[in-house]
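Structure first, then comments.
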């Protein structure tokens, strides 16, 4: 089971750990279907005083799940498969909790909000009622759907699920209807949407939401421009600065110099004017909480009629806005701020590259006129950056990557997203506006939704300091670390090869920023108060802050009561938790889609070599990032040899041979595989910088021998990992390849290829594959040949590995059929010149049978053979005898030669046994005296009463010349000639 978070990660410790995330609630219905290991009933939840917790369910592909508290406090609650399958992945659920800290286990009470309405899967036609096999392994499939004309058999389709908000019953399954075809499997658009749907996002809006969006006008009316005490900022030359592919413009800026500093005006789109509280638009916006930006599309929080239309600050069009009007001194300290609604008109839609080119002195004809404005904004941004740096804000500057697509929608390359001065210019303006609004709410003592970032985990930070020491960087964490000290440490890393890797590891020790109504402060920005105000088109918390501001203005300074403020704070906290959860879901989608495009980009480059840098370490291997392609992948630990262990103190992978792999190392790698299904990329390490090339291990070879070794027989792998195989050791000793190991073209005419060398052969029982024999096989077969026994396998035991050199079938095992030795056979080669020649076996005569006997319930025994002639002591090979064969039961009567009918011939040689090991077992039994010569005793007698030579003259003749009357009489007995008997002449199964 997955353990809870490490101690000290911002959670409470002790018996009451995590109780801050619990709240009292009544017992829900449903029984706890848990497979108890020791029987009995589960009484853990019979006490109704057990706490409950509200959280997001994440279902693992193996069936179990975890509920993550929406509050972000407390430990994750484990759900066994029987419980996890009663809800869908990413559902918001209420669970009852039992157990102790570190091993909390829950029972589902109800589904609060079913996130998922759409799913993606493969459409399979099955008559009137078809099915869809979901691509998401967390969904119980298949999904039953009616037959449709919207998709072909095998298409990837979008399914609208028909399940409600109730808990699913075991075996109920899912049902729905096909909402459209996404194309054939493997197409990028289908894979991208599949990732979005799996996290509860959608590319379509409900009809009622679209109806509300379509009701708005496409232009701002004069009544709207003058209402709500709006100021007219249309004469002010506000500009927007965004990326080249941006379509929603939600912020505009303007800066002008003052005698003692600057004035900064940040105008933000007034989305709250159109999205009214509790409307269909508002409900859908809260459900999504954020827009998702993907390489080929945007999944907006609001319909495009609003996000790209009436709310977007398009140039030369009137737009309603919310304004933060601020002044700063020359050191970047804010002197005053004013918040108000307004109407504006953007004068230019600029891009980051255009602004950067103008700042760099390049000639940009349609933007040169704005150069003074750009320079004022940049001067103010530098002052703001200096102020935040002095305050202790942390600047990680971790590079991001983006996917560049071609006209056909396929990836062309992965690019590193540059962070230039034009980006920092806008960042500083937005940070200043967000802080100003947060300070306003804090000064007024009014509830709102803040952006909170707590101090880092002390234990994680201490572990990171040990790692940093291994790289030569010192970080003192004895008395805690302020953000200013941490930023100074990050400055030491600038320019070092390990900068990126150490920055990533340091980020993991930091707390994740969340939305909350109860906590203030931002550790990373070194800000006492901070919230999000500047992106209401794509973030619901910003829209919420705008709505709260308007409520404050509407009350005209009248403060609510304490009870009202408590209720409002509780309501806002629930919304904040929802926004935090959807933000994490959006990040998951973006990460999965980038991984898919990276695998799609690299799948046709398998076998190529690249320069890379170790970017991360794990127990199962280490991650590398290609220096030029900016693609990340995994090098599995076993590809460098056995005995790899993770040294968590210094975050490195240590091998038994002394090799140590750590972050920041340079190396040469070869691409082994790239899967768009699993979205994983695997590499093989070829050579570390400053070292000799690495030997290629068996673990790094392709899994299919036939694909790797096309013109020669499969090699004989053996020994422990990291040691040379048997073939390599034989070559090192000077021994050549065995005839069956030589390429087919190099074999002599007498060295015939094994009859199954060509590959797998289809049989009625399955697929048979040939494998070369092991030394154990050859040794046992040599011993059998020298002793005069038929070649037969050593019986399998649980303590010995399965021998090779046999037929292998799926689900069963069968001995190789006996075949005559031919030139080049390994059985002939096994006999050396100095070994004793094989000894002929004496013919085995069968004991007579007086009359057919009824079948017994005991095991059928073999015929008693004559004792074979043993070889001389000096020629007897050294081999291990099989387990002792037990003596036959005394009341057992073996079947006589009459059972074989007229096919018996007295002078003929003994017939070959139906199994190649029978003769060997017979011979060993005779050697040990377990079977003696003489006729079979009559039924009811013992073997000691009658001892008659099996070779006595006439013994077989008497049995063969039985009178017809006797045969007739014997045929009437059950088991001798009846239809239901087992001893009918001529029908006995061999």
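In our numbering, the protein residues as written are 513 to 1502.
Glycine is no exception: its CB is placed at the ideal position from the N, C-alpha and C atoms.
Let me know if residue i comes out buried or exposed under the rule of 16 or more other beta-carbons within 10 Å of its beta-carbon.
i, result
"residue 1046", "buried"
"residue 641", "exposed"
"residue 1462", "For residue 1462, the predicted structure reports a pLDDT of 43, less than 50, and the residue's modelled location is therefore unreliable. A value from the coordinates is still provided. Buried, because 16 or more other Cβ atoms sit within 10 Å of the Cβ of residue 1462."
"residue 1058", "buried"
"residue 982", "exposed"
"residue 991", "exposed"
"residue 977", "buried"
"residue 921", "exposed"
"residue 866", "buried"
"residue 1044", "buried"
"residue 1124", "buried"
"residue 741", "exposed"
"residue 902", "exposed"
"residue 1143", "buried"
"residue 988", "exposed"
"residue 1188", "buried"
"residue 1139", "exposed"
"residue 739", "exposed"
"residue 1101", "buried"
According to DSSP, is residue i helix, strand or coil?
i, result
"residue 578", "strand"
"residue 884", "helix"
"residue 951", "helix"
"residue 915", "strand"
"residue 688", "strand"
"residue 933", "helix"
"residue 1340", "For residue 1340, the predicted model reports a pLDDT of 37, less than 50, meaning its position is unreliable and no value from the coordinates is stated."
"residue 531", "Residue confidence for residue 531 is low, a pLDDT of 31 falling below 50, so the modelled location carries little weight and cannot support an answer."
"residue 693", "strand"
"residue 941", "helix"
"residue 1022", "coil"
"residue 1049", "coil"
"residue 754", "strand"
"residue 773", "strand"
"residue 662", "coil"
"residue 853", "strand"
"residue 1072", "coil"
"residue 1098", "helix"
"residue 986", "coil"
"residue 903", "helix"
"residue 1199", "strand"
"residue 1509", "Summary: the structure shown does not reach residue 1509, with the chain confined to residues 513 through 1502, and so no result is reported for it."
"residue 801", "coil"
"residue 823", "coil"
"residue 632", "strand"
"residue 1109", "helix"
"residue 602", "coil"
"residue 643", "strand"
"residue 548", "Since pLDDT at residue 548 reaches only 33, below the 50 mark, its modelled position is unreliable, and no value is offered."
"residue 1133", "strand"
"residue 923", "strand"
Could you round the C-beta distance between residue i and residue j to whole angstroms and report it? I think they count as a contact, below 8 Å.
i, j, result
"residue 598", "residue 568", "Between residue 568 and residue 598 the Cβ distance is about 15 Å, and since that is not below 8 Å, they are no contact."
"residue 965", "residue 1023", "6 Å"
"residue 909", "residue 929", "In fact, because the Cβ distance is near 12 Å, the residues do not count as touching under 8 Å."
"residue 1542", "residue 576", "In the structure as shown, the chain begins at 513 and stops at 1502. Residue 1542 is therefore absent and cannot be evaluated."
"residue 473", "residue 1184", "For residue 473 there is no data in the structure shown, the boundaries of the chain being 513 and 1502."
At least three beta-carbon pairs within less than 8 Å, the segment 608-623 to the segment 583-592: Three or more beta-carbon pairs separated by less than 8 Å link the segment 608-623 to the segment 583-592, which places the two stretches in contact.
Meets three-Cβ-pair contact criterion under 8 Å: the segment 1124-1139 and the segment 1160-1169: Yes, they touch.
Length at least 4, wholly inside the segment 689-747: the alpha helix (DSSP H) runs in chain order: Correct list: 700-710, 719-726 and 734-738.
Segments of 3+ residues assigned as beta strand (DSSP E) that fall wholly inside the segment 1135-1178: The qualifying runs are 1144-1148, 1157-1159, 1164-1166 and 1172-1174.
Meets three-Cβ-pair contact criterion under 8 Å: the segment 737-757 and the segment 852-868: Remark: three or more beta-carbon pairs, one from each stretch, lie closer than 8 Å, so the segment 737-757 and the segment 852-868 are flagged as touching.
Sufficient close CB pairs (3 or more, under 8 Å) joining the segment 832-840 to the segment 771-780: Yes, they touch.
Inter-stretch contact (C-beta, 8 Å, three-pair minimum) for the segment 667-685 and the segment 699-719: Yes, the segment 667-685 is in contact with the segment 699-719.
Three-pair Cβ contact test at 8 Å for the segment 712-728 versus the segment 789-802: Three or more beta-carbon pairs separated by less than 8 Å link the segment 712-728 to the segment 789-802, which places the two stretches in contact.
Given 8 Å, three or more beta-carbon pairs between the segment 654-662 and the segment 695-707: By the criterion of at least three beta-carbon pairs nearer than 8 Å, the segment 654-662 is not in contact with the segment 695-707.
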